[in-house]
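Mapping of the sequence shown onto full-length UniProt numbering: residues 1 to 364, in sequence order.
Okay, structure first, notes after.
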Amino acid sequence: MNVKAVAILGAGNGGITAAGDLSGRGFDVRLYETPQFASNLDGIREKGGVLLKTLEGESFHPVSVVTTDLKEAVSGAEVVMLTVPGFAIESFAELLAPLLTEDQVVFLNGAAAMGCVRFVRRARELGIETRIKIGETNSLTYGTRAFPEEAVAEMSLRVKKLFFSAYPAEDTGALLEICSQLYDCLVPAENIWQTTLENGNPEVHPGPSLLNAGRIDYSGGEFWLYREGITEHTVNVLRAIEQERLALGKAFGLKVEGAVEARYNRGYFDNDREDLQTLFNKSEVFTQIKGPVSVTGRYFTEDISSGLVLWSDLGKASGVPTPNIDAVITLGGTLLKRNFYEEGLTLKKLGFDGLTVNEMISEV
Numbered sequence: 001m002n003v004k005a006v007a008i009l010g011a012g013n014g015g016i017t018a019a020g021d022l023s024g025r026g027f028d029v030r031l032y033e034t035p036q037f038a039s040n041l042d043g044i045r046e047k048g049g050v051l052l053k054t055l056e057g058e059s060f061h062p063v064s065v066v067t068t069d070l071k072e073a074v075s076g077a078e079v080v081m082l083t084v085p086g087f088a089i090e091s092f093a094e095l096l097a098p099l100l101t102e103d104q105v106v107f108l109n110g111a112a113a114m115g116c117v118r119f120v121r122r123a124r125e126l127g128i129e130t131r132i133k134i135g136e137t138n139s140l141t142y143g144t145r146a147f148p149e150e151a152v153a154e155m156s157l158r159v160k161k162l163f164f165s166a167y168p169a170e171d172t173g174a175l176l177e178i179c180s181q182l183y184d185c186l187v188p189a190e191n192i193w194q195t196t197l198e199n200g201n202p203e204v205h206p207g208p209s210l211l212n213a214g215r216i217d218y219s220g221g222e223f224w225l226y227r228e229g230i231t232e233h234t235v236n237v238l239r240a241i242e243q244e245r246l247a248l249g250k251a252f253g254l255k256v257e258g259a260v261e262a263r264y265n266r267g268y269f270d271n272d273r274e275d276l277q278t279l280f281n282k283s284e285v286f287t288q289i290k291g292p293v294s295v296t297g298r299y300f301t302e303d304i305s306s307g308l309v310l311w312s313d314l315g316k317a318s319g320v321p322t323p324n325i326d327a328v329i330t331l332g333g334t335l336l337k338r339n340f341y342e343e344g345l346t347l348k349k350l351g352f353d354g355l356t357v358n359e360m361i362s363e364v
């Protein structure tokens, strides 16, 4: 399949950046946002496109369709790309699945949280039997921040390497050939268990952010996790969670990348020789990213509920101890007065509860 038209669903950091980037590379881009967040489109509609700022310079790229009409966005698009938070997967499945044809590819471009399984599962619950071609990356294809009202995206990185898996895994080769037309950084993963365990956000965001909660509250929005929040001591929590993640990967027969290796391969670090704290503190990409500006933001909520809770459940199912992951989940819940174990993503919600590791691997 030769990809000409791409529907981008979600006009946040990733979606606005992708709209500018893909338009600039010759694709017919349709940008969609739900009516609830229609204001995210106003600036882009007014200006007719996106001003893309990179380290090399800036350029303006038109967006052919800017809409809150999902059918208008996806009709005729070879690839439908979702750049939405993990908690929104089921909601978008309800909207999108009835409109899909078997020729279209659904591409989940963002922090992996078993989105493919959740999307298809919700579609089946709605009685939709269309064979859905769907795949996901382990993380967003950009290091970026966007400003919708100005129709501006500040892209500090086009990621150099990301893992990609289809669901089921037997479709990975065919879908990778299609999605690689958009992003040549994609490499095949074993399955979506690998993309889930290669998602770096639950490893780096919640623990250090939790330890800086007082500073975040006090800062009034002027907090920079990668500059000031990852220190010689808070990095120890990150490292402990990294070791538990690597152990989970081993239990699933996967050799997942370590914290330094992953971020160096993606392009966030300029070398893999210095210590992890120094690499974060001086990264040209990470140090441009402000936040979290609030303890109620996604660094706490999404990365615990859609990330660490599932990793904890995988530990219970595979016999891998996850004491540091569990500690962050528990204290994060106490901090925010929420029960993340109850509201978060679990094997039961995926339909995998009671399965052995081998059975879970076979399911994907």
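Built from N, CA and C at the ideal position, the CB exists for glycine as well.
Handout entry: Neighbour-count burial assignment, Asp21, 16 or more Cβ in a 10 Å radius
Key = buried
Practice task
Starting from the C-beta of Gly229, find all residues in its chain whose C-beta is less than 6 Å away, skip the five residues before and the five after it, and write them out in chain order.
Solution key: Pro208, Asn212
Handout entry: Start-to-end residues for the alpha helix (DSSP H) that takes in Ile216
Key = 213-219
Practice task
Classify Pro292 as buried or exposed, calling it buried when 16 or more other Cβ atoms lie within 10 Å of its own Cβ.
Solution key: buried
Exercise for the section: Between the Cα of residue 400 and those of Lys250, Glu56, Thr68, Arg25, spot the shortest distance and give me the residue it belongs to. Expected result: Nothing about residue 400 can be read from this structure; the chain reaches only from 1 to 364.
Problem - Run of the beta strand (DSSP E) containing Leu52, from where it starts to where it stops - result: 49-54
Practice task
State yes or no: is the C-beta of Thr83 within less than 8 Å of the C-beta of Ile8?
Solution key: yes
Practice task
Please state if the CB of Phe164 and the CB of Pro148 are separated by a distance shorter than 8 Å.
Solution key: no
Problem - Contact the stretch 161-179 vs the stretch 295-306: 3+ CB pairs below 8 Å - result: no
Exercise for the section: Have a look at Ile16 and Gly10 and give me their C-alpha separation to the nearest angstrom. Expected result: 8 Å
Exercise for the section: Measure the alpha-carbon distance for Glu363 versus Leu175 and round it to whole angstroms. Expected result: 19 Å
Exercise for the section: Please classify Ala38: is it buried, with 16 or more other beta-carbons within 10 angstroms of its beta-carbon, or exposed? Expected result: exposed
Problem - Cα-Cα separation, Cys116 to Lys71 - result: 21 Å
Problem - Distance between beta carbons of Arg145 and Ile289, contact taken as under 8 Å - result: 7 Å
Practice task
Quick one: grab the DSSP three-state call for Ile192.
Solution key: helix
Problem - Of the listed residues Leu314, Val320, Gly267, Gly315, nearest to Leu140 (C-alpha basis) - result: Gly267
Exercise for the section: Might you give, ordered along the chain, the residues of its own chain that have their beta carbon closer than 8 Å to the beta carbon of Leu238, omitting 5 neighbours on each side? Expected result: Glu203, Val204, Gly207, Pro208, Ile230, Ala259, Leu276
Problem - Closest Cα partner of Ser294 within the set Asp184, Asn236, Asp217 - result: Asp217
Practice task
Could you tell me which uninterrupted alpha helix (DSSP H) segments, each at least 4 residues in length, are contained entirely in the stretch 64-90, listed from first to last along the chain?
Solution key: 70-74
Practice task
Check the C-beta distance from Asp28 over to Ser64 and give it rounded, since I have them as a contact under 8 Å.
Solution key: 6 Å
Practice task
Compute the distance between the beta-carbons of Glu58 and Leu52, then report whether it is under 8 Å.
Solution key: yes
Handout entry: Three-state secondary structure assigned by DSSP to Ile132
Key = coil
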